[in-house]
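A short write-up of the structure that comes next.
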Amino acid sequence: MKIRIGLMLLLLPLCVQADDWGKLFFSPAQRAGLKEAPSQATSLEPSSASVQRYDGVLQTPRKKTHWVDGQIAKPPANVKPGQSWSKP
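In my numbering, the protein residues as written are 156 to 243.
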């Protein structure tokens, strides 16, 4: 009897089916908008504050994106992610 219950418990996960993943973005226009967004964001002007914060790096297989004060920017020299520095 215990063997039957054990076998039923082992086979139970095989009966369960997951839902389809679905689509993250429904139209090709929405997917194309994501590809255009980083190129538009790189043209943003740097913050005019006297103290800047290096938020970090997002590394993808194609490129690295550096974030300064919550915006895409060129990487600062000699500053590690999480550090702040005064703008000259």
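Built from N, CA and C at the ideal position, the CB exists for glycine as well.
Please go through the same chain and pick out, in chain order, the residues whose beta-carbon is closer than 8 Å to the beta-carbon of residue i, but skip the five residues on each side of it.
{"i": "Ala184", "result": "none"}
{"i": "Trp240", "result": "Val206, Gln207, Tyr209, Pro231, Val234"}
DSSP puts residue i in a beta bridge; with which residues?
{"i": "Ser182", "result": "Beta-bridge pairing links Ser182 to no other residue."}
{"i": "Lys229", "result": "Per DSSP, none; premise fails for Lys229."}
{"i": "Leu213", "result": "Thr220"}
{"i": "Gln207", "result": "Trp240"}
Drop a sphere of 10 angstroms on the beta-carbon of residue i, count the other beta-carbons inside from all chains shown, and report buried for 16 or more, exposed for fewer.
{"i": "Val206", "result": "exposed"}
{"i": "Ala228", "result": "buried"}
Determine the DSSP secondary structure at residue i, reduced to helix, strand or coil.
{"i": "Lys157", "result": "helix"}
{"i": "Gly188", "result": "helix"}
Tell me which residues share the same chain as residue i and place their Cβ nearer than 6 Å to its Cβ, disregarding the 5 neighbours each side in the sequence.
{"i": "Leu213", "result": "Thr220"}
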